[in-house]
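Q: This note's numbering numbers the first residue of the sequence shown as 14 and each following residue consecutively.
Glycine residues also receive a C-beta, built at the ideal position from the N, C-alpha and C atoms.
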Amino acid sequence: MDHSQTPTPEALAELRERYRIERERRVRPDGPRQYVGADAEFGYYAADPYTEPVGREAVRDRVDVAIVGGGFGGILAGARLRQQGIERIRVIDKGGDFGGTWYWNRYPGIHCDIESHVYLPMLDETGYVPEWKYAPGEEIRRHAMRTAEKFGLYADALFSTSVTSLVWDEASEAWTVSTDRGDEFRATYVVTATGTLTELKLPGIPGIETFQGHTFHTSRWDYGYTGGTPDGGLTGLADKRVGVVGTGATGIQVVPVLAEDAGHLYVFQRTPSTVDVRANRRTTAGDVGADRHGWARERRDNFLRIVSGESAEEDLVADRWTSSAGLLEKLLPSFRRQGDRAASEAAYEVADAAKMNEIRARVDAVVTDPDTAEKLKPWYRYACKRPTFSDLYLEAFNRDNVTLVDTADTHGIERMTERGVVVGGTEYELDCLIFATGFSAGVSGVLSGRLPVHGRGGARLQEAWAARGPRTLHGFTSNGFPNLIQLGGVQSAPSVNFTHVLDEHAVHAAALVAAAEAKGALIEPSREAEDAWIAVLAKDAPDHAWFHAECTPGYYNAEGRGRPNGPTAYPHGAFAFHGLLARWREESMDTILQPARPAR
Ligand code: NDP
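(1) Out of curiosity, what's the CA-to-CA distance linking Ser337 and Pro149?
(2) Count Cβ pairs between the stretch 160-167 and the stretch 27-42 that sit closer than 8 Å; are there 3 or more?
(3) Put Gly237 into one of helix, strand or coil per three-state DSSP.
(4) Are three or more beta carbon pairs between the stretch 395-412 and the stretch 186-202 nearer than 8 Å?
(5) Using 7 Å as the limit for Cβ to Cβ distance, is Ser185 near chain B?
(6) Would you check whether the ligand NDP has a heavy atom nearer than 6 Å to the C-beta of Ala262?
(7) What separation, rounded to the nearest whole angstrom, lies between the Cα atoms of Asp77 and Trp234?
(8) Is the Cβ-Cβ distance between Asp252 and Gly276 less than 7 Å?
(9) Near Val380, what residues of its chain come up, given a Cβ to Cβ distance below 7 Å and the 5 sequence neighbours on each side ignored?
(10) So, does the stretch 515-532 touch the stretch 94-106, judging by three or more C-beta pairs under 8 Å?
(11) Could you tell me whether the stretch 499-511 touches the stretch 204-214, where touching means 3 or more Cβ pairs closer than 8 Å?
(12) Under DSSP, the alpha helix (DSSP H) around Tyr132 begins and ends at which residues?
(13) Just to confirm the assignment, what range does the beta strand (DSSP E) spanning Ala534 have?
(14) Rounded to the nearest angstrom, how far is the Cβ of His585 from that of Asp553, given a contact under 8 Å?
(15) Since Tyr569 is in the beta strand (DSSP E), which residue starts that stretch and which ends it?
(16) With H, G and I counted as helix, E and B as strand and the rest as coil, what does DSSP make of Ser461?
(17) What does DSSP give as the partner residues of Phe55 in its beta bridges?
(18) Would you check whether the ligand NDP has a heavy atom nearer than 6 Å to the C-beta of Glu376?
(19) For Val270, collect the residues of the same chain with a Cβ closer than 6 Å to its Cβ; drop the 5 residues on either side in sequence, then sort them by chain order.
(20) What does a CB cutoff of less than 7 Å around Pro346 pick up in its chain, not counting 5 residues either side in sequence?
(21) Among residues of its own chain, excluding the 5 on either side of Asn118, which ones have a beta-carbon nearer than 6 Å to its beta-carbon?
(22) What does a CB cutoff of less than 6 Å around Pro219 pick up in its chain, not counting 5 residues either side in sequence?
(23) Using three-state DSSP, classify Arg194 as helix, strand or coil.
(24) According to DSSP, simplified to helix, strand and coil, what is Ile105?
(25) What first and last residue would you give for the beta strand (DSSP E) that runs through Arg610?
(26) Is any heavy atom of the ligand NDP found at a distance shorter than 6 Å from the C-beta of Leu278?
(27) Compare the C-alpha of Thr174 against each of Ala51, Arg69, Arg291 and Trp597 and name the closest.
(28) For Glu572, tell me which candidate among Gln475, Leu606 and Ala454 has the shortest Cα-Cα distance.
(29) Note down the Cα distance separating His227 from Asp516, rounded to an integer number of angstroms.
(30) Expressed to the nearest angstrom, what Euclidean distance is found between the alpha-carbon atoms of Thr430 and Asp61?
(31) Which of the three DSSP states is assigned to Thr114 in this structure?
(32) Do you know offhand how far Arg399's Cα is from Asn570's?
(33) Runs of 3 residues minimum, wholly inside the stretch 15-83: which ones carry the beta strand (DSSP E) assignment?
(34) Suppose the cutoff is 8 Å on Cβ atoms and the five residues either side in sequence are ignored; what does the same chain contact list for Asn293 look like?
(35) So, is Ser324 buried or exposed, given that buried needs 16 or more other C-beta atoms within 10 angstroms?
(36) Would the C-beta of Ile426 count as close to the ligand NDP, meaning under 6 Å from any of its heavy atoms?
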């Protein structure tokens with residue numbers, strides 16, 4: 014099919030059939046159970062390679078706010094609380110410093126996929142102007158630390174520490190926070206900012222434990238073995254046969270660096286990603302108008318408008334996210350509002366086919382070996398998987414020391430031996446195998462059950478939600494769990510620019526705490542307020558299950574099982590959600606404040 018032409022109905026029918034076949038090739042009966050977590054005998058995969066925990070006394074005091082998680086969510090919550098004048102703020106994180114996902118993920122080649130000028134939060138407040146359109150991970154990690162420093166979050170932080178339980182104490186109207194380092198302290202408020210893709214997963218490949226070579230997961234990069242830095246120079250791999258499993262957003266970034274430095278690189282691919290133009294470049298303050306007050310907020314709002322499917326007069330970021338926004342956000346009401354449903358879906362399918370044809374044509378244009386090029390072409394609709402962007406990935410397959418091993422027909426690597434991995438009956442001998450196999454979705458913190466939360470009367474949040482489904486007001490607060498605010502979770506509104514979402518949530522959380530402090534009240538929504546919010550979510554809940562059911566498997570669709578319809582998120586997109594929150598703070602915030610005991 015010529016990708017520059019509008020696809021004919023016959024071509025679309027052919028594509029649909031091809032997509033169906035490619036999906037069928039990949040669906041596994043074990044679905045999400047094909048993966049194993051970094052627990053028990055695999056626990057060492059999750060160990061922190063960057064920081065040796067230091068001994069310290071357990072803390073047994075009282076703080077105003079405990080923040081669980083020191084990634085951008087926790088940092089932003091701390092910063093916004095500071096701006097509201099809250100003094101005793103304690104951030105607790107499993108990692109050895111601030112940064113969250115950017116603390117753990119330091120693999121070579123790591124960069125942000127979202128433009129750094131809209132991804133990095135607090136640019137107006139810190140005066141920092143990113144140096145690249147898409148920043149390297151280390152620049153982002155440093156910005157996380159810079160922000161934490163600026164808002165005085167280091168002094169009371171507990172690192173290399175995991176919160177093990179949160180228990181509401183009725184008598185003192187405070188939370189008891191317990192940790193794996195023996196801490197047990199009180200916090201008047203708790204903010205959870207535990208992230209979404211934090212629990213690394215490994216493929217449950219038969220024989221994985223028998224492999225005698227070196228292995229690790231990309232989120233715990235072993236520079237002691239590979240040498241080098243996130244910028245490359247992996248001299249330890251010069252004479253090594255290296256395998257990498259996984260070609261998602263992480264694999265796409267790490268492969269070009271490994272290709273450069275490894276003796277030989279085997280890329281074990283199951284489903285190819287869409288790899289679009291990246292066009293990274295150095296930027297100056299002048300490029301983004303950083304001399305104007307509020308430039309970063311304006312740019313960030315503009316990006317969110319566009320990727321939320323709202324109209325905008327101009328496109329300040331002008332990259333492949335904004336130009337493809339219509340394809341990614343088609344499930345929002347702004348798409349569904351377009352009158353005739355069948356006509357919109359037909360137009361969407363045409364646009365989708367054109368985009369995917371463009372992506373596949375790019376593979377042919379770059380990759381010289383036709384057989385390899387064929388294997389690298391993705392056959393599914395654009396929004397089925399997280400899009401990726403690179404000007405180096407496809408090029409890596411033109412090197413003599415790189416071999417692409419397609420594992421689709423065997424549902425991934427078949428088995429591992431002492432010497433290497435087996436695919437299609439062929440054994441590939443390896444010195445090192447790197448897992449770029451991602452993270453378990455939606456099982457972090459509170460939702461994972463790893464962080465038991467007991468509210469009024471000892472009721473356990475996880476049990477209450479398991480029995481009746483999540484119940485919140487705006488995704489943040491729940492009846493029976495006073496002064497507990499969950500950031501970035503269910504029943505709010507996600508977006509590809511997650512740090513922006515987290516910042517809006519942090520502003521909201523800080524406003525709630527400030528209002529409760531001013532009135533000497535507790536933050537706790539009524540059951541009626543929860544019911545009303547769930548009704549808002551349900552009213553326009555998208556019927557997108559059909560879309561995901563037709564996609565190739567991945568974490569977007571529970572490995573091919575589809576995604577449930579229903580009220581899991583605010584249906585009108587992040588931009589509209591933030592507006593709703595701001596209005597609610599103006600008009601209705603008092604409704605969440607309940608009388609507290611006089612002397613707390
Ligand atoms: P993903 O879950 O997206 O990818 C995992 C990869 O491992 C897939 O290619 C998967 O194939 C493959 N895989 C799993 N099991 C096997 C097996 N048994 N044999 C062969 N291959 C296997 O994880 P990532 O870490 O790449 O990305 C996770 C998320 O993190 C992204 O979606 C994105 O949200 C975020 N991210 C963001 C970045 C940014 O710059 N902002 C950079 C990197 C990640 P299959 O598709 O067939 O399941």
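A: Reading from the atomic positions:
(1) Your numbering for residue 337 matches position 324 in the sequence shown. Your numbering for residue 149 matches position 136 in the sequence shown. Spanning the alpha carbons of Ser337 and Pro149 requires a straight line of approximately 23 Å.
(2) Below 8 Å, too few C-beta pairs join the stretch 160-167 and the stretch 27-42 to call them touching: fewer than three.
(3) The count along the sequence shown starts at 1 and reaches residue 237 at position 224. Three-state DSSP puts Gly237 in a helix.
(4) No, the stretch 395-412 is not in contact with the stretch 186-202.
(5) The chain inventory of the structure shown lacks chain B, comprising one protein chain alone.
(6) Here residue 262 is taken as the residue at index 249 of the sequence shown, counted from 1. Because some heavy atom of the ligand NDP lies under 6 Å away, the Cβ of Ala262 counts as near it: yes.
(7) Here residue 77 is taken as the residue at index 64 of the sequence shown, counted from 1. Here residue 234 is taken as the residue at index 221 of the sequence shown, counted from 1. Between the C-alpha atoms of Asp77 and Trp234 there is a straight-line separation of about 36 Å.
(8) What you label residue 252 is simply residue 239 of the sequence shown in a count that begins at 1. What you label residue 276 is simply residue 263 of the sequence shown in a count that begins at 1. Yes, the pair counts as a contact, with Cβ atoms nearer than the cut-off.
(9) Here residue 380 is taken as the residue at index 367 of the sequence shown, counted from 1. Closer than 7 Å at the Cβ level, and outside the excluded window around Val380, lie Ala386, Leu389, Leu407, Phe410 and Asn411.
(10) Yes: at least three Cβ pairs fall under 8 Å.
(11) Segments in contact, yes.
(12) For this step, residue 132 is matched to residue 119 along the sequence shown. Its alpha helix (DSSP H) spans residues Ser129 to Tyr132.
(13) Your numbering for residue 534 matches position 521 in the sequence shown. It spans Ala534 to Ile536 - the beta strand (DSSP E) in which Ala534 sits, taken as one unbroken run.
(14) Position 572 of the sequence shown holds residue 585. Position 540 of the sequence shown holds residue 553. Right, their Cβ atoms sit about 7 Å apart.
(15) By one-based count along the sequence shown, residue 569 stands at place 556. Tyr569: not part of any beta strand (DSSP E); DSSP gives it neither H nor E.
(16) For the purposes of this step, residue 461 is identified with residue 448 of the sequence shown, where counting begins at 1. DSSP places Ser461 in helix when its eight states are reduced to three.
(17) Taking the first residue of the sequence shown as position 1, residue 55 is located at position 42. According to DSSP, Phe55 bridges with nothing at all.
(18) For the purposes of this step, residue 376 is taken as the residue at position 363 of the sequence shown. A small correction: the amino acid at residue 376 is Val; Glu does not occupy that position in the sequence shown. Val376: no, Cβ never under 6 Å from the ligand NDP.
(19) Here the question's residue 270 lines up with position 257 in the sequence shown. Pro121, Gly122 and Gly245.
(20) Your numbering for residue 346 matches position 333 in the sequence shown. With a pLDDT of 46 at Pro346, under the threshold of 50, the modelled position of this residue cannot be trusted, and the question is left open.
(21) Working through the sequence shown from its first residue, we reach residue 118 at position 105. Here Asn118 has Ser232 as same chain residues with Cβ atoms under 6 Å from its own Cβ, once five neighbours each way along the sequence are excluded.
(22) As a working note, residue 219 is residue 206 in the sequence shown. Arg428.
(23) Residue numbering aside, residue 194 sits at position 181 when the sequence shown is read from its first letter. For Arg194, the three-state secondary structure derived from DSSP is coil.
(24) Against the sequence shown, residue 105 aligns to sequence position 92. Per DSSP, reduced to three states, the secondary structure at Ile105 is strand.
(25) As a first step, residue 610 is located in the sequence shown; it is residue number 597 there, counting from the start. Note, Arg610: premise wrong, no beta strand (DSSP E); not H, not E.
(26) For this step, residue 278 is matched to residue 265 along the sequence shown. No - the ligand NDP has no heavy atom lying nearer than 6 Å to the Cβ of Leu278.
(27) Within the sequence shown, residue 174 is the residue found at index 161, counting from 1. Between Thr174 and the set Ala51, Arg69, Arg291 and Trp597, the nearest pair of CA atoms involves Arg69.
(28) One-based indexing of the sequence shown puts residue 572 at position 559. Taking only the C-alpha atoms, the option nearest Glu572 is Ala454.
(29) Taking the sequence shown and counting its residues from 1, one reaches residue 227 at position 214. Taking the sequence shown and counting its residues from 1, one reaches residue 516 at position 503. In a straight line, the C-alpha of His227 is about 39 Å away from that of Asp516.
(30) On the sequence shown, position 417 is the one that residue 430 refers to. On the sequence shown, position 48 is the one that residue 61 refers to. Going by the C-alpha atoms only, they are around 27 Å apart.
(31) In the sequence shown, residue 114 corresponds to position 101, counting from 1. Helix at Thr114.
(32) For this step, residue 399 is matched to residue 386 along the sequence shown. For this step, residue 570 is matched to residue 557 along the sequence shown. For Arg399 and Asn570, the distance between alpha carbons rounds to 11 Å.
(33) The stretch 15-83 contains these whole beta strand (DSSP E) runs: 48-50 and 75-81.
(34) Numbered from its first residue, the sequence shown carries residue 293 at position 280. These residues qualify, in order along the chain: His124, Trp145, Lys146, Tyr147 and Asp404.
(35) On the sequence shown, position 311 is the one that residue 324 refers to. Exposed, since its Cβ has fewer than 16 Cβ neighbours within 10 Å.
(36) Reading the sequence shown from its first residue, position 413 is the one you call residue 426. Yes, the beta carbon of Ile426 sits closer than 6 Å to at least one heavy atom of the ligand NDP.
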